[in-house]
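What follows is one structure encoded as structure tokens, with my remarks underneath.
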Amino acid sequence: MHLLVAIPFLLNLFLATSNGENPCRYADSAGVIDLTSLGHTDGTPAFADTTTSASAWKYSFNPCKPFTEGTTCKDVAVCQVPFTSGESFILAKHDSAVWIPPIGFGGSATLTYTYQTKHVKISMQCTKDTEVNVLEIISESPQETYNMKLSSKCACFDGCKSKYRASSQSKHRKISINDGFSRGKKELIVSAGDLRISDAERPKHGTKSIPGVDWESVVRMITELIRKNMKTDLASLITKPFLTTKPVEQAVFNCALMDATKPYYSYGVTLLCGIPEVTLRGSQGDFQQIIDSIN
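Residue numbers (mature numbering (1 follows the signal peptide of the UniProt record, and there is no 0)): -20 to -1, 1 to 275.
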């Protein structure tokens, strides 16, 4: 995967894992998928005994809260139940939930669970034009991997907004300076006064409307600020040099990080203004007069 293509996926993955793997909610730069309103809170599954015509099994699923079905499935997220009498099987519990971010434009997030050797993958299908919520059993492929699809307006980004309050266990967060996340952008400012390039050192054919500054060093300094203010070191993941990386390519990596995180940070560069240096030439008596006037 090309680096510049991978950056949006990596950023979404970072945001998703930073949310603490809440089985009800997935958040990234596109918005929030909130399944809270779909889940039953009385210990029963919201989607009970769903099956396909060719299957010998029925499947039950409840978002967010555990349910109990039969004698085997107790406090579970997903249960497999036989059509005829027999033992049911636990396929998933909520504490194993992991959200997989969408891949590519128009992709859908996937809610996954793991229980012992079994895996459940529930892809989100956004259906804005209906109030009907449907769980579809797709396949068991490969063996012990159960593929399902949840069609609902709640599977859309910002499709369902629950009465949600931030808590220490589950938060919709945005990257910030102080604690890693906050609402809105945070401004990162670096001082480039010592990085000025004199007009004599600049190419004669270059435009003089842009300040003469060592911009390679500026973007590196901003990258360091981003790295310091992110709890997960995504910055190093994106900007880590290869053995063949040259200074110009490294600067491109740093700029790519700045572009990927611009929804969360704004960037500024300050320059020293005025006369950079003054040399006073005079006799000892001249300077003594200045000292006497000050005193």
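All residues carry an ideal CB built from backbone N, CA and C; glycine is no exception.
Item                                                                                                                                                                       : Value
Among C4, I169, N42, whose alpha-carbon lies nearest the alpha-carbon of V249?                                                                                             : I169
Exposed or buried, which one is S132 when buried takes at least 16 other CB atoms within 10 Å?                                                                             : buried
Could you please give the first and the last residue of the uninterrupted alpha helix (DSSP H) stretch that includes I206?                                                 : 195 to 208
According to the Cβ coordinates, are I80 and A89 closer than 9 Å?                                                                                                          : yes
Would you mind working out which of V199, T97, I83 sits nearest S103, comparing C-alpha positions?                                                                         : I83
Apply the 10 Å Cβ neighbour rule to S40 and answer buried if 16 or more other Cβ atoms are within range, or exposed otherwise.                                             : buried
Let's test the definition: count the other Cβ atoms within 10 Å of the Cβ of G265 and tell me whether it reaches 16, buried, or not, exposed.                              : exposed
For S162, which of helix, strand or coil comes out of DSSP?                                                                                                                : Low per-residue confidence applies at S162: pLDDT is 43, beneath 50, and the placement is therefore not dependable, though the value from the model is reported in the following sentence. Reduced to three states, the DSSP call for S162 is coil.
Mind reading off the beta-carbon distance from D14 to C140? Whole number of angstroms is fine, and I expect it under 8 Å.                                                  : 5 Å
Roughly how many whole angstroms lie between the Cα atoms of G87 and T125?                                                                                                 : 21 Å
Does DSSP put Q105 in a helix, a strand or coil?                                                                                                                           : strand
Exposed or buried, P122, counting other C-beta atoms within 10 Å across all chains shown (16 or more means buried)?                                                        : exposed
Which same chain residues, not among the five before or five after E111, have their C-beta less than 8 Å away from its C-beta?                                             : K133
Residues in the same chain with beta-carbon distance under 6 Å from C53, minus the five sequence neighbours each way, listed in chain order, please.                       : C59, S68, I70
Do you know whose CA, among H74, F27, T30, E49, lies nearest C4's CA?                                                                                                      : H74
When the Cα of P25 is compared with those of S33, A135, A10, E49, which residue comes out closest?                                                                         : E49
Leaving aside the five residues before and after S9 along the sequence, list all residues of the same chain whose C-beta is less than 6 Å from its C-beta, in chain order. : P243
Tell me, to the nearest whole angstrom, how far the beta carbon of I177 is from that of D194; I am working on the premise that it is less than 8 Å.                        : 6 Å
Check F233 in the structure and name its three-state DSSP category.                                                                                                        : helix
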